[in-house]
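Numbering follows the working numbering, with no gaps: position 11 of the sequence shown is 1493. First comes the structure, then the notes that go with it.
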Amino acid sequence: MIIIINGCDMPADPLPAVHCPPDELIAPQLITPYNWSTVNNTTPNLSASYAAITYPYPLPSPAYDCFPQKYHFYLSTAPGFTDELGAISNSGFWYPASPLQPGEMYRWAAAAISENIEGPMSSYRYFFVGDDCATSEMVAPILLEPADGAVIEVLRPTLTWDNPLLCHPTHYWVDLSTDPFFPNIANGGQSLGPMTSFEPSSDLANCETYYWRVKARGDGLGESGPFSEMRSFHVQTPGSFCPAELEIPEFIETVPPGPPDFLGIMNANCRSNPWINGNEVGMLAMGQTATLMGLSQDGYWGFFKLKNGRECWLVLTAVEMQPPGSLFDPSMFPLIAHDPKPEETAPEDPAPVSCNQLTDYNSCVSNSACAWDRVKSVCHDK
């Protein structure tokens, strides 16, 4: 038997979810990727959740929870985070439209949207894209900031570098010291995962020069790649006076430069004497270099030593002094003795021509010893 009691309220159906008013929006909670995690997928799923507000809008009842209409996912690339790869999604998850770059670090966040008005943004999270590097794959990182020799105005500067690989090390190790030989690295340390930046855990000394370098590391003992180049920077906070460092100049033994090299700008025969008819004893091909030992008396030829050790004469218009743009000063080179140039002999007069050998009128009458027979059309002696 079923007894129906009048006057008792039946459970009411829950009211449909409503969109939050813009001024009631709060920051979403980020889900995945986890902070400082490494993902192998180049189009990872970015997801966020929203804690619905039950009070004071509009009444303290779960039936009146409100939700955002859309989410704005922010995504940018380390180390500068100056690009923006994110977009607006109709739900609490989003995939990048284009694949992310393996070996890079990314920063992401999210904000809720209602009535096309964006609410407060969540805090940032960071993740890395790519596989873990094997020890054999690790190479020297590329240092970015500070620049070598830079003056830094803060006591805890951020050191940044770039990972040139498509994979990630477990972390990086930073040497930071006032001595370029790094006997004491108390200011250095380990990066946070494969993050390509580092900040000292304590203040550096003002008016001090620091040296730094970085290398990639793996999980195991001794698993590390080569160190990067070494750089230095000087710490000087604004308004502070730092006495000039006493620099003792290093003694450098100078060696006088040898004869300059000349580059062949065309194929040129190298001759035994400085004239065109000199015997060919070698050749300087275009693109090869030779050393100038001296000049000819007229200054048009140079006495060169070729790479094979042969010494001979080249015309100077066939070569160019190195490095490009160097000023050629003939007075810096000695005159080299050579064989005397053979005297040129005067050409012999052509043998006389017989009149009967001339077959045309003009050549016949132009010879004073000949006459033209108009009847026979022949040339004969006068």
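In this text, a Cβ means the ideal position worked out from N, Cα and C, and glycines have one as well. Every value quoted in this text rests on a predicted model; they were computed, and no experiment measured them.
Helix, strand or coil at residue i according to DSSP, with G and I counted as helix
{"i": "residue 1673", "result": "coil"}
{"i": "residue 1712", "result": "coil"}
{"i": "residue 1861", "result": "strand"}
{"i": "residue 1492", "result": "The predicted model places residue 1492 with a pLDDT of 37, which falls under 50 and marks its position as unreliable; any figure quoted below should be read in that light. In the structure shown, residue 1492 sits in coil (DSSP, three-state: anything other than H, G, I, E or B)."}
{"i": "residue 1853", "result": "strand"}
{"i": "residue 1529", "result": "strand"}
{"i": "residue 1839", "result": "helix"}
{"i": "residue 1640", "result": "coil"}
{"i": "residue 1788", "result": "coil"}
{"i": "residue 1519", "result": "strand"}
{"i": "residue 1507", "result": "coil"}
{"i": "residue 1514", "result": "strand"}
Nearest residue (CA-CA) to residue i, options the options
{"i": "residue 1500", "options": "1527, 1519, 1525, 1552", "result": "1552"}
{"i": "residue 1801", "options": "1712, 1849, 1746, 1854", "result": "1746"}
{"i": "residue 1434", "options": "1853, 1502, 1614, 1504", "result": "Here the chain covers residues 1483 to 1864 and nothing more, so residue 1434 does not appear."}
{"i": "residue 1701", "options": "1714, 1718, 1675", "result": "1675"}
{"i": "residue 1533", "options": "1502, 1645, 1514", "result": "1502"}
{"i": "residue 1806", "options": "1846, 1744, 1816, 1637", "result": "1744"}
{"i": "residue 1794", "options": "1556, 1815, 1776", "result": "1776"}
{"i": "residue 1720", "options": "1637, 1646, 1670", "result": "1637"}
{"i": "residue 1771", "options": "1749, 1602, 1599", "result": "1749"}
{"i": "residue 1681", "options": "1715, 1647, 1639, 1657", "result": "1639"}
{"i": "residue 1923", "options": "1667, 1650, 1755", "result": "Within the shown structure, residues of the chain are numbered from 1483 to 1864, placing residue 1923 beyond reach of any answer."}
Inter-residue CB distance, residue i and residue j (contact presumed, cutoff 8 Å)
{"i": "residue 1672", "j": "residue 1742", "result": "About 51 Å; that fails the 8 Å criterion."}
{"i": "residue 1606", "j": "residue 1588", "result": "Not really, about 10 Å apart at Cβ, beyond 8 Å."}
{"i": "residue 1560", "j": "residue 1569", "result": "19 Å between Cβ atoms; not a contact."}
{"i": "residue 1659", "j": "residue 1692", "result": "7 Å"}
{"i": "residue 1652", "j": "residue 1695", "result": "Not confirmed; about 18 Å, so no contact."}
{"i": "residue 1624", "j": "residue 1710", "result": "7 Å"}
{"i": "residue 1585", "j": "residue 1529", "result": "Not confirmed; about 24 Å, so no contact."}
{"i": "residue 1526", "j": "residue 1595", "result": "Rounded, the Cβ-Cβ distance is 22 Å, inconsistent with contact."}
{"i": "residue 1510", "j": "residue 1571", "result": "No, residue 1510 and residue 1571 are not in contact; Cβ-Cβ is about 11 Å, not under 8 Å."}
{"i": "residue 1581", "j": "residue 1524", "result": "4 Å"}
Per-residue burial, residue i [other beta carbons within 10 Å of its own, 16 or more giving buried]
{"i": "residue 1758", "result": "exposed"}
{"i": "residue 1864", "result": "exposed"}
{"i": "residue 1517", "result": "exposed"}
{"i": "residue 1799", "result": "exposed"}
{"i": "residue 1689", "result": "exposed"}
{"i": "residue 1814", "result": "exposed"}
{"i": "residue 1645", "result": "buried"}
{"i": "residue 1669", "result": "buried"}
{"i": "residue 1850", "result": "exposed"}
Chain D contact for residue i (CB, 8 Å cutoff)
{"i": "residue 1647", "result": "Reference to chain D is not applicable here, since this structure consists of a single protein chain."}
Checklist entry - What beta strand (DSSP E) runs, 3 residues minimum, are completely inside the segment 1552-1634? => result 1552-1559, 1569-1571, 1587-1596, 1599-1603, 1607-1611, 1624-1627, 1632-1634
Item to check | Entirely enclosed beta strand (DSSP E) segments - the segment 1730-1784, minimum 3 residues | outcome: 1743-1746, 1750-1753, 1762-1766, 1771-1777
Checklist entry - Which ranges does the alpha helix (DSSP H) cover as unbroken runs of at least 4 residues, wholly within the segment 1645-1705, from first to last along the chain? => result none
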